[in-house]
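Protein chains: 2
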Amino acid sequence: MAIAAMVQNASPVRKALYVRSVREATVAQCPTACSSCTLHSTCLPCGLQQTDDSMDELVYSRRRIHRGEHLYRAGDPFKFLYAFRSGFFKTYIDTPEGQTQVTAFPMAGDVLGLDGIETDKHRVSTVALEDGEVCMIPFAHFQAVALRSPALLHQMHRMMSREIMREHSVMALLGGMRAESRVATFLLALSEKFAGRGYSAMQFNLRMTREDIGSYLGLKLETVSRVLSRFQATNLIKANLRSIEIVDMTGLKSLVPEL
Amino acid sequence: MAIAAMVQNASPVRKALYVRSVREATVAQCPTACSSCTLHSTCLPCGLQQTDDSMDELVYSRRRIHRGEHLYRAGDPFKFLYAFRSGFFKTYIDTPEGQTQVTAFPMAGDVLGLDGIETDKHRVSTVALEDGEVCMIPFAHFQAVALRSPALLHQMHRMMSREIMREHSVMALLGGMRAESRVATFLLALSEKFAGRGYSAMQFNLRMTREDIGSYLGLKLETVSRVLSRFQATNLIKANLRSIEIVDMTGLKSLVPEL
DNA sequence: CGGGGATTTGACACATATCAAGAGCGGTGG
DNA sequence: CCACCGCTCTTGATATGTGTCAAATCCCCG
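Protein chains in written order, with the working numbering: chain A, 5 to 263; chain B, 5 to 263.
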């Protein structure tokens with residue numbers, strides 16, 4: 005794959021093309037510059053001035069990824085940061101015993117790959133649970149740009165800091181809460197995340213299996229299933245397979261110890 | 005023991021002097037420049053060339069801290085990075101319900117405070133479990149220096165990346181392992197950390213209570229106590245209150261699922 | 001030397017894991 | 001289009017690990 009200068013060619017015309025024909029646009033490299041991306045407010049360059057064109061130099065290529073496909077695997081060399089434009093993913097670590105621990109469920113607007121900095125290799129694997137598209141940001145290039153753009157650098161630091169805090173929350177969740185609280189926390193976090201992306205906070209579809217949820221929450225899949233059934237029986241939610249509808253939001257929230 | 009040598013020739017009197025200019029203050033305040041600090045290899049400036057004097061501009065002041073004293077509390081404004089020179093600490097989050105979740109046990113050579121970047125406020129509290137000394141690095145100044153020193157910047161990124169990976173490990177630990185494995189993992193991690201600082205890997209003193217350990221591992225203090233007793237009964241360790249001696253290192257390691 | 005906190009240990013309760021069976025959904029190929 | 005097959009999900013019975021409550025001892029600190 006040739007990584008050449010193609011970024012500046014981005015135009016509104018191309019964007020329209022992207023909307024109509026996904027594959028065509030993909031071939032044409034970057035149909036949408038970061039500065040005109042609809043995810044601009046949540047994505048990496050958030051906080052940069054519109055006039056700061058350094059953000060548009062970041063993304064060299066995009067990649068479409070299909071369900072079940074890996075974006076990268078643990079051990080792969082760390083070359084890119086990945087900014088998700090669409091789709092739904094899971095990141096996980098697996099132990100030699102074959103056990104896997106799901107560590108996150110990234111989706112559109114999230115940025116991934118910062119785990120690889122220390123060792124120059126990815127330490128987690130990332131797989132798509134739903135077809136999506138991801139912006140690939142060459143990290144070496146990113147660093148160079150960041151040196152000229154303190155705002156971008158600071159944004160990156162905020163992102164890493166946020167990731168550390170997110171994991172602190174998960175640690176607290178795994179460490180101290182019982183099954184019902186864990187699942188309630190999970191559902192509410194998902195609801196909030198969907199809401200932040202413009203989707204419904206009250207009704208959404210899970211893209212992961214009960215086993216994935218269980219792994220993430222430190223529970224067995226049967227326990228997750230049972231808790232969801234119990235939530236349904238007490239009229240907190242309506243659950244049918246992957247479809248979730250939150251019926252009693254305050255009731256759910258009352259199960260969460262607190263932030 | 006390298007640590008013994010590194011310890012403070014710093015006098016409280018010196019601390020009275022305060023910052024005038026960067027270089028002046030650095031020279032006046034810091035009895036030991038970063039470039040000559042014995043923790044140089046593990047601390048923040050690790051990776052910088054000896055000839056790179058930017059590292060010596062970082063530390064404005066030191067602070068001695070006594071057992072039970074807080075370095076900072078959740079909610080405090082984020083102004084400094086803290087590089088520990090000696091002592092033993094714990095970081096924790098507490099929920100409104102009064103529960104607390106211990107998130108780490110930092111010690112000499114560790115750097116703390118990166119959690120505050122995102123919100124400009126610290127999100128965890130840090131308290132000393134043992135008297136110690138800490139280098140205070142003004143973060144705003146650090147950023148300025150880092151912009152001129154790509155090596156320092158990269159080092160910072162590595163540190164944040166490592167913290168993220170460390171938390172991934174803890175998540176895996178909390179999520180999937182049973183009590184014996186958790187405690188074994190904890191003891192081995194501690195042993196390794198002590199060894200890395202020049203202390204014995206086979207015999208050391210815990211600085212934290214059973215409750216602290218339990219909180220960190222997602223267990224109750226009684227469970228921690230029972231597991232330690234069981235380890236002693238099976239001749240894996242000798243435990244007497246805070247004193248721990250590892251008798252059968254390989255036996256202990258066999259209890260840890262992962263690599 | 002006294003007292004409060006830390007630790008250990010026991011008995012018991014309970015939440016979650018484990019084992020097992022069956023049903024439902026979705027993809028695939030005839 | 002239908003039938004099949006595999007995977008996911010649900011639900012039940014049981015096992016077990018860990019939490020809870022309680023009491024005694026020990027240690028450290030003032």
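Even for Gly, the Cβ is constructed at its ideal location relative to N, Cα and C.
Mind checking whether residue i and residue j have CB atoms under 8 Å apart?
i	j	result
V131(B)	H74(B)	yes
R89(A)	E137(A)	yes
E226(B)	S165(A)	no
K94(A)	L151(A)	no
S167(A)	Q207(A)	Just to set this straight, residue 167(A) is Glu in the shown sequence, not Ser. No; because the gap between Cβ atoms is not below 8 Å, this pair is not in contact.
Y86(B)	P142(B)	no
V149(B)	E215(B)	no
H172(B)	I241(A)	no
G113(B)	R170(B)	no
G120(B)	F146(B)	no
M163(A)	T107(B)	no
F84(A)	M160(A)	no
V231(B)	A183(B)	yes
G222(B)	G180(A)	yes
G72(A)	H126(A)	no
D124(A)	I69(A)	no
Counting only Cβ pairs nearer than 7 Å, list the residues of chain A close to residue i.
i	result
V174(B)	M175
Residue i touches chain A at which residues, Cβ-Cβ below 9 Å?
i	result
T99(B)	A176, G180, P261, E262 and L263
Applying a beta-carbon distance threshold of less than 7 Å, which residues of chain B neighbour residue i?
i	result
T107(A)	H172 and M175
Quick one: which chain B residues come within Cβ less than 8 Å of residue i?
i	result
Q207(A)	The premise fails here: Q207(A) is roughly 28 Å from chain B at the closest Cβ pair, so nothing lies under 8 Å.
In the DSSP output, which residue or residues are listed as bridge partners for residue i?
i	result
K242(B)	E249(B)
T95(A)	A108(A) and T130(A)
F146(A)	In DSSP, F146(A) forms no bridge with anything.
E122(B)	According to DSSP, E122(B) bridges with nothing at all.
R68(B)	E137(B)
A87(A)	V115(A) and C139(A)
Y76(B)	T130(B)
Could you run through the stretch 112-131 of chain B and flag, in chain order, every residue whose CB is less than 9 Å away from some CB of chain A?
L118, D119, G120, I121, E122, T123, R127 and V128
Count the C-beta pairs between the stretch 143-160 of chain B and the stretch 185-198 of chain B that are closer than 8 Å, then say yes if the count reaches three, no if not.
no
Does the contact criterion of 3 or more C-beta pairs under 8 Å hold for the stretch 203-214 of chain B versus the stretch 96-103 of chain B?
no
Could you run through the stretch 159-172 of chain A and flag, in chain order, every residue whose CB is less than 7 Å away from some CB of chain B?
H161, R162, M164, S165, R166, E167, I168, M169, E171 and H172
Along the stretch 212-233 of chain A, what residues have a CB closer than 8 Å to any CB found in chain B?
S219, Y220, L221 and G222
Just by C-beta distance, which residues in the stretch 146-158 of chain A are closer than 7 Å to chain B?
L151 and P154
Name the residues in the stretch 74-105 of chain B whose C-beta lies less than 7 Å from a C-beta of chain A; which are they?
I97, T99, P100, E101, Q103 and Q105
Can at least three beta-carbon pairs, one atom from the stretch 245-261 of chain A and one from the stretch 179-190 of chain A, be found at a separation below 8 Å?
yes
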